[in-house]
Every structure is written in structure tokens, then in C-alpha cells.
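Numbering (the UniProt record's numbering), first residue to last: 1 to 393.
Beta carbons are placed, not taken as given, at the ideal position from N, Cα and C, and that holds for glycine.
One structure is given below, encoded as C-alpha cells.
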Amino acid sequence: MDFSLPESALAVQRGIADICSRYDLDYWQRCEADKRWPEEVWEELAKGGWLGLAVPEEYGGGGQGLLELAVATETLAASGAAGGSAFTYVLTPGFGALTLARHGTAEQRAALLPRLAAGELETCFALTEPDAGSNSLAITTSARRDGDDYVIRGQKIWITGVQRATWMLLVTRTVPAAEARPRTHGLTVFLVNVPEAVAAGTLSYRPIPKLGANTTPSNMVFLDDVRVPASDVVGEVDGGSAVLWDILNPERILLAASALGGAEVALRVAVEYATSREVFGRPIGANQAIAFPLAQVKAKIELARLMLHKAAWCFDQRLPCGTEANIAKLTASQAAWEAADAAFQTHGGMAYSLEYPVARLLADARIGKVAPVTEELLLNYLATQVLGLPRSF
């Protein structure tokens with residue numbers, strides 16, 4: 001059993017770290033404070049080919065997999081970007097390139113993958129709805145056939161990156177949930193050209209004020225008879241659940257990677273402060289009340305990373321990875337929260353000052369316990385699907 005990363009992942013780690021070495025914590029603090037996309041980092045990632053890692057080589061990409069994307073995400077987050085960095089690799093390399101490489105038609109791959117690899121196009125993903133929440137199978141956004149097109153009506157919430165996206169991967173119901181047998185039947189995933197729909201007046205959005213992760217806005221999205229050509233279906237009509245799981249599992253894996261990177265930042269900040277800050281004649285890190293929580297965080301980071309790498313490897317091998325993805329997301333998010341909380345406690349009252357990065361790290365870490373799926377639902381999956389305990393609903 002070999003636990004070492006392959007050379008392809010190590011090369012990604014080195015390449016991303018080299019770019020990130022030019023952007024310190026203050027840079028990421030400013031991006032968050034100004035609610036500004038890290039344009040300089042994005043351009044360097046695009047120029048170096050790091051956005052096309054999961055795009056097949058014949059389309060101008062690196063021909064790598066989710067493991068390399070996860071390593072890139074964690075490295076970026078650990079450099080100082082923390083949890084807010086997840087969107088850099090989730091929105092376009094994850095939602096867009098990875099999904100189309102596996103499920104896109106030949107025409108979709110040829111038209112979009114080269115431009116996604118070059119950073120010329122960006123994507124977003126729309127699933128969650130105000131009334132359905134985490135019950136994704138209960139969505140009501142509908143798509144009906146009208147000649148060569150589908151006409152889509154509905155509403156989505158917490159859709160991140162619409163402002164920058166050219167294409168939205170949109171999950172709809174082509175069979176109402178009440179009529180679907182089994183419940184996963186009747187889902188269809190579409191590619192929606194966002195600028196065209198906005199220009200036509202059929203798609204609009206409204207940003208949601210947020211506690212953190214403000215480098216990328218999240219939005220309410222309104223779909224009022226958006227017309228989408230039938231050729232822009234991703235996967236099979238009514239069979240979109242197969243595409244959906246190959247979006248949701250990578251999303252959880254990449255967000256786990258981002259959480260681990262955020263945990264590393266918080267731990268590093270806490271250790272530096274605990275080493276340099278002296279009270280009662282000695283560094284505060286000499287006190288076990290400070291040292292032991294930080295040591296506990298380190299252990300949990302390493303444990304979560306093992307499951308993260310396993311989950312990504314399973315996906316790349318086309319093996320079932322739902323359990324691994326859920327465990328990775330659960331444990332990484334917990335490690336990130338405990339790291340940020342320990343960093344806050346280590347800094348004491350100074351953690352409340354926005355001159356330090358701790359408040360940003362705490363806000364970034366907290367969202368991981370509820371999004372894109374709550375900790376309770378991850379535990380429910382493990383309880384019912386893995387342990388075989390009775391369902392509560």
C-alpha cells in the first residue's frame with residue numbers, strides 16, 4: 001500500500017505553491033475586505049495551465065484527475081486563501097471541466113473544454129432551491145420540451161459565481177418529483193448560456209449578503225422561461241442523476257481539500273502567534289492549554305487528508321466514492337472549524353481585531369459545517385447507507 005502522492009500531484013503541488021508564494025495573507029485579506037475576485041492569481045493559474053488539470057490532453061488540458069485538482073485546491077487554500085479559495089477550483093475546473101470531460105457530448109467537449117482549460121470561460125452550478133433545501137430530489141425547477149428547445153422555469157438559491165459565468169450547469173425536473181419512480185428519475189442537467197439568457201430577460205439574479213467567502217458572490221437566481229437547445233443537455237434526459245452524483249461527489253472532495261488548506265492556515269497562524277506572544281515571562285505556546293488543542297488539530301488534519309486522497313483516487317478510478325467523499329467532507333470541515341476556533345482562542349481578544357486574519361478564517365471554516373450539505377446529513381448518510389440503521393423519514 002503506497003501512501004505517497006504520484007509525481008503528477010507533486011508537480012501540481014509545487015506549481016501552485018510557486019504561484020501562491022507571491023501572494024501573502026494580506027493579499028487575501030484585501031480580496032475578502034474588498035469583495036473582489038483574486039484576479040491576479042486566477043490569471044497566473046490560467047497562464048500556467050493549472051486550470052485545465054482535469055481537461056483531457058486532446059482538448060489542451062493536463063489530462064489529470066480529481067486527485068490533482070484536490071491537491072491544487074488544498075495548496076491554494078493553505079497558502080493563505082483559506083476556505084474562500086475553494087471557488088477557484090470548484091466553479092470552473094470542478095463543475096465545468098471535470099463534468100464535461102466525463103459526461104459532455106463530443107460537440108460540447110470540443111466547443112468548451114479548450115476554453116475552460118485556458119481560463120477563457122467560467123462556469124457555475126445551480127441545484128439548491130429555497131423550498132427544497134438539502135432535499136435535492138424535491139426540486140421543482142421544470143424543463144418542458146418545445147420543439148428543438150427546452151423551456152425552463154424556477155428559482156435557485158446560493159448559486160455562486162453567476163456574475164462571472166458564461167455557462168451554468170442547471171439541474172431541473174423533466175418529470176415532477178411526485179411522479180418520478182424511482183425518486184432519482186426525471187432529473188435533467190442543462191448547459192445554460194448565462195449572458196444570452198440575461199440579455200433575453202429570462203434569467204436574473206440577486207446577490208445574497210454573506211458572512212464570509214466574499215471574493216465570489218452567491219445569488220438568488222430566477223429562471224423565467226429560459227430557452228435552452230436540446231443539444232445543451234448534459235448526459236441523458238431524465239437520467240441526470242448519474243451526472244449529478246459526478247458533480248456532488250467531486251464538489252465535496254474539493255471543498256474538503258479547501259477546508260484542509262484553511263485548517264493549515266489557521267494552525268500556522270496560531271502556532272506563529274503562540275510562539276511569539278509572551279505573557280507571564282514565557283511564550284503562551286508553552287502552556288498545555290494552548291499547545292494541546294493545536295496538536296489535536298494537527299492530528300485531525302492528517303487523518304482527514306488520508307480520506308481526502310482516497311476519495312479523489314476512487315473517483316478517478318471510477319469506483320464508488322460516495323462514502324469516502326462524505327467522510328472526507330465531514331472530517332475536513334470539522335478539522336477546519338476546530339483549527340479556526342483554536343486559533344481564535346490562542347489569539348485571545350486580538351482575534352476580534354480585523355488586523356489579524358483569524359476572523360476571516362473563522363467565517364470561512366464555519367460555512368463548511370453547513371454547506372453545500374449539512375454535517376447532520378453527512379452523518380445521516382453514514383448512519384443509514386453505511387451502517388444500515390433505520391431511516392427517520
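Burial state of residue i (16 or more Cβ within 10 Å)
i    : result
R318 : exposed
S21  : exposed
K35  : exposed
L69  : buried
F190 : buried
P130 : exposed
P390 : exposed
V194 : buried
L223 : buried
A178 : exposed
Within 9 Å, strictly: CB atoms of residue i and residue j
i    : j    : result
A82  : G261 : yes
A263 : A336 : yes
I284 : F125 : no
G61  : A72  : no
L330 : L379 : yes
A339 : V297 : yes
T160 : E122 : no
A77  : A257 : yes
G104 : L51  : no
V41  : T88  : yes
W37  : R360 : no
Start and end residues, alpha helix (DSSP H) containing residue i
i    : result
P250 : 241-276
Q155 : Element bounds for Q155: not the alpha helix (DSSP H) but the beta strand (DSSP E), 149-160.
W42  : 39-47
P293 : 288-316
Contacts around residue i, its chain only, beta-carbon distance under 8 Å, and the 5 residues preceding and following it disregarded
i    : result
P176 : T140, S142, G186
L100 : Q108, R109, L112, L113, L116, V234
D225 : V151, I152, R153, T202
Neighbourhood of residue i by C-beta, 7 Å cutoff - its chain only, sequence neighbours within 5 removed
i    : result
A230 : D148, D149, Y150
T184 : L137, S241
M307 : E324, I327, A328, T331
H309 : L67
Start-to-end residues for the beta strand (DSSP E) that takes in residue i
i    : result
G15  : First-last for G15: 7-20, but that is the alpha helix (DSSP H), not the beta strand (DSSP E).
C124 : 123-126
Sequence-distant residues of its chain with Cβ nearer than 6 Å to residue i (five each side left out)
i           : result
residue 407 : The first residue shown for the chain is 1 and the last is 393, placing residue 407 beyond what the model contains.
S79         : C20
I290        : A274, I284, T346
A343        : A266, V269, A270, V358
Among the options, the one whose alpha carbon lies nearest that of residue i
i    : options                : result
V192 : P182, R181, V221, A180 : V221
S204 : T215, Q155, L248       : Q155
P250 : T75, T92, Y59          : T92
A132 : Q64, T172, T166, I327  : T172
I208 : V162, A11, G240        : V162
A17  : L10, E7, T75, Q29      : T75
A328 : K300, A180, D24        : K300
I367 : S8, A332, V386, V243   : A332
T374 : L255, V386, A213, D26  : L255
A266 : P293, V243, I253, L244 : P293
L169 : P182, T188, G212, R181 : T188
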